[in-house]
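Residue numbers (our numbering): 407 to 494.
Have a look at the structure below before the remarks.
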Amino acid sequence: MVAIIKKIWLYTVIASVSFALFGMALMLIGTFTIEWSCKCNVPNHWQCAGDNCMAESERHFDQFHHNTNCHRTDWPMVILEKTFGTLL
């Protein structure tokens, strides 16, 4: 019985550490592949996709005072959002 509990504990720890290392590896890869997708809260007014969207979003806010929603669209961040989004 003790051997079974030790195996279950070992597999649980290995799975947890692997899950965390997978997330850290994706975050490291994500530092080199930055892409954003932003859009204005006013329907059909403004949208942007690319690596310079945060600066354009700030300029859009300064010019029109419309709020914008931005999120990362590069593949590591999409995986992180889908995987860890349920945990947050």
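Using N, Cα and C, we set each Cβ at its ideal position, and we do this for glycine too.
Owing to the predicted nature of the structure, the values given are computational and were not obtained by experimental measurement.
Endpoints, beta strand (DSSP E) assigned at residue i
i, result
"residue 492", "Residue 492 -> no beta strand (DSSP E), and no H or E assigned at all."
Span separating the alpha-carbon of residue i from that of residue j
i, j, result
"residue 412", "residue 468", "59 Å"
"residue 453", "residue 444", "6 Å"
"residue 480", "residue 435", "10 Å"
"residue 483", "residue 490", "10 Å"
"residue 465", "residue 472", "10 Å"
"residue 462", "residue 415", "50 Å"
Cβ pair residue i, residue j closer than 7 Å
i, j, result
"residue 446", "residue 418", "no"
"residue 427", "residue 485", "no"
Cβ-based neighbour list, residue i, same chain, cut-off 6 Å, excluding 5 preceding and 5 following
i, result
"residue 440", "457"
DSSP bridge partner residues for residue i (one or two, in chain order)
i, result
"residue 445", "453, 475"
Element boundaries [alpha helix (DSSP H), containing residue i]
i, result
"residue 418", "408–436"
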